[in-house]
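Asks: One structure, pasted below without further comment.
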Amino acid sequence: MVELKLHDIGEGMTEGEVLHYFVKVGDQVKSDQPLVEVQTDKMTAELPSPATGVVKEILIQTGNTVEVGTTLLIIEDGKQQKLKTVDKPQKETSEGTRQISFVSKKGSKRNILAAPYTRKIARDLGIDIEEITGSGPAGRVTDEDVYRFVNEPASPSEKAIMQDAPVCESENRETIPFKGRRKQIAKKMTQSLFTIPHVSHFDEVDMTELLALIQTLKDDGEKISVASFFIKAIQLSLRAHPIFNSVLDEENEVIQLKKEFNIGIAVDTEEGLIVPVIHHVEKKSISEIQKEMKELISKAQQNELSHKELTGGTFTISNVGPLGSTGATPIINHPEAGLMAFHKTKKRPAVVDDQIVIRSMMNVSMSFDHRVADGVAAVRFTNQFIELIENPAKMLLEMV
């Protein structure tokens, strides 16, 4: 018999949700035939059959989220009586969904049920997991328990105030399942906020010259979006300020400066936010960026992005201007060091050469990891981006 396990199909994924089985118990299957569809925080993927045979047992039901390494189903290949892959015994909860570890420390106050990733979160936050009361089955400590423990009031009086606070409930309410990509996004955003000390820097950009250039190109039959110029300007600014194109490796106590410039673009889809990546922007013209960006956005909205197109980012942008935003405090796409958001462009009075004139102005928000850079560096980085956008000719010179 052969086990089909959830393996790592994404960069650093720890778990995935079982969305759909293409087979049922008793079905004849062939090697490499898609058997199950799973969703991670980044993508949806099909897991192929590792062997030819008959589906003997489905262990994890659809809708459940399981950790990497969990056996999803068993195939009877008729060649051996014993399982070909046997990992350490799994301990299922009453939910039957997660493989958890059961640790008994000599002299410890009590035994703790918690997933390895949950323990890592606690360690990263400097919390003794034995102090946390688990809300999961059999008292299992969940990720949410750890984060709740961090934020809970410190003193009994504070708890009393919270407990005495009136609770307003409505009989008419609608509930939305908190699962799938929405849950994965929530987990990743929480991880980023609790891991990275965020600082956000704000500024404004005069878009007048760039919009005039884009209109000229459009009149000549070349349609280029402002986002394509943003991506190239970000790459050029990162080249001059590489600290924001980096990753902090805490374990080895080094900051890794990335040599390639892979820019992630936040895309809104029906299933939630997703960030495809344009790789090696430093080797691409603005026209090439435009073309690739359109393809990635289309694939994101069709849920057709590949693993490569979703991984390897070194810096992320979020263009929320078309939706009408004027400001934000963006959450960094962990483990990157920065994220810049672009907001709505509006015509408003500005002072140029001591004259009040009408200019097209746009606000930008730059969030950065304060462990690897200070505010001065963020201002300099943002200033260079602004300089390039306000003077598109300089951008062209930088590209030579």
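According to the UniProt record's numbering, the sequence shown is numbered sequentially starting from 1.
The beta carbon of each residue, even a glycine, is placed where N, CA and C say it ideally should be.
From Asp-203 to Leu-35, what distance separates their C-alpha atoms?
Replies: Position 203 of the sequence shown, counting from 1, holds the residue named residue 203. Position 35 of the sequence shown, counting from 1, holds the residue named residue 35. Asp-203 and Leu-35: Cα-Cα distance of roughly 50 Å.
Asks: Suppose only complete runs of 3+ residues qualify. What are the beta strand (DSSP E) ranges in the region 217-290, listed by chain order?
Replies: 246-249, 254-257, 263-265, 267-269 and 272-274
Asks: Which residues in the same chain have their Cβ closer than 7 Å to the Cβ of Arg-119, if we skip the five residues on either side of it in sequence?
Replies: Reading the sequence shown from its first residue, position 119 is the one you call residue 119. Excluding sequence neighbours, Arg-119 sits near Ile-129.
Asks: Whose C-beta lies closer than 7 Å to the C-beta of Gly-272 among residues of the same chain, with five residues either side of it excluded?
Replies: Taking the sequence shown and counting its residues from 1, the one referred to as residue 272 is at position 272. Closer than 7 Å at Cβ, skipping near neighbours: Arg-181, Arg-182 and Ile-185.
Asks: Just checking my contact of Ile-317 with Ile-263 at CB under 8 Å: how many whole Å lie between their CB atoms?
Replies: As a first step, residue 317 is located in the sequence shown; it is residue number 317 there, counting from the start. As a first step, residue 263 is located in the sequence shown; it is residue number 263 there, counting from the start. With a Cβ gap of about 6 Å, Ile-317 and Ile-263 count as contacting.
Asks: Where Ser-287 and Asp-32 are concerned, what is the direct C-alpha to C-alpha distance, given to the nearest angstrom?
Replies: Along the sequence shown, read from residue 1 onward, the residue named residue 287 stands at position 287. Along the sequence shown, read from residue 1 onward, the residue named residue 32 stands at position 32. Each residue's Cα considered, the two are about 38 Å apart.
Asks: Can you tell me whether DSSP reads Thr-65 as helix, strand or coil?
Replies: The residue given as residue 65 occupies position 65 in the sequence shown. Thr-65: strand per DSSP, three-state reduction.
Asks: Can you tell me which of the three DSSP states Ile-127 falls into?
Replies: Stepping through the sequence shown from its first residue, residue 127 is reached at position 127. Ile-127 carries a coil assignment under DSSP once its states are collapsed to helix, strand and coil.
Asks: Based on DSSP bridge pairs, tell me the residues matched to Asp-206.
Replies: In the sequence shown, residue 206 corresponds to position 206, counting from 1. DSSP lists Met-361 as partners of Asp-206.
Asks: Thinking C-beta only, is Leu-47 closer than 8 Å to Leu-4?
Replies: What you label residue 4 is simply residue 4 of the sequence shown in a count that begins at 1. What you label residue 47 is simply residue 47 of the sequence shown in a count that begins at 1. For Leu-4 and Leu-47, yes; Cβs fall inside 8 Å.
Asks: Do His-280 and Glu-295 count as a contact pair if the criterion is CB distance below 8 Å?
Replies: Sequence index remark: in the sequence shown, residue 295 carries index 295 (1-based). Sequence index remark: in the sequence shown, residue 280 carries index 280 (1-based). Between Glu-295 and His-280, the CB-CB gap reaches or exceeds 8 Å.
Asks: If you measure between the beta carbons of Thr-216 and Ser-360, is that distance less than 8 Å?
Replies: Position 216 of the sequence shown, counting from 1, holds the residue named residue 216. Position 360 of the sequence shown, counting from 1, holds the residue named residue 360. Not closer than 8 Å, so no.
Asks: May I ask you to list the residues that DSSP assigns as paired with His-201?
Replies: Indexing the sequence shown from 1 puts residue 201 at position 201. Looking at the DSSP assignment, His-201 forms a beta bridge with Met-366.
Asks: Leaving out five residues on either side along the sequence, give the residues of the same chain with a beta carbon under 6 Å from the beta carbon of Gly-134.
Replies: The residue you call residue 134 lines up with position 134 of the sequence shown. Once the five neighbours on either side are set aside, the close Cβ partners of Gly-134 are Arg-140, Val-141 and Asp-145.
Asks: Gln-256 to Lys-344, Cα distance in whole Å?
Replies: Reading the sequence shown from its first residue, position 256 is the one you call residue 256. Reading the sequence shown from its first residue, position 344 is the one you call residue 344. Gln-256 and Lys-344 have their C-alpha atoms spaced approximately 33 Å apart.
Asks: By the three-class DSSP mapping on this structure, what secondary structure does His-20 have?
Replies: Numbered from its first residue, the sequence shown carries residue 20 at position 20. Three-state result, His-20: strand.
Asks: Can you check DSSP and say which residues form a bridge with Lys-179?
Replies: By 1-based counting over the sequence shown, the position of residue 179 is 179. Beta bridge pairing from DSSP links Lys-179 with no other residue.
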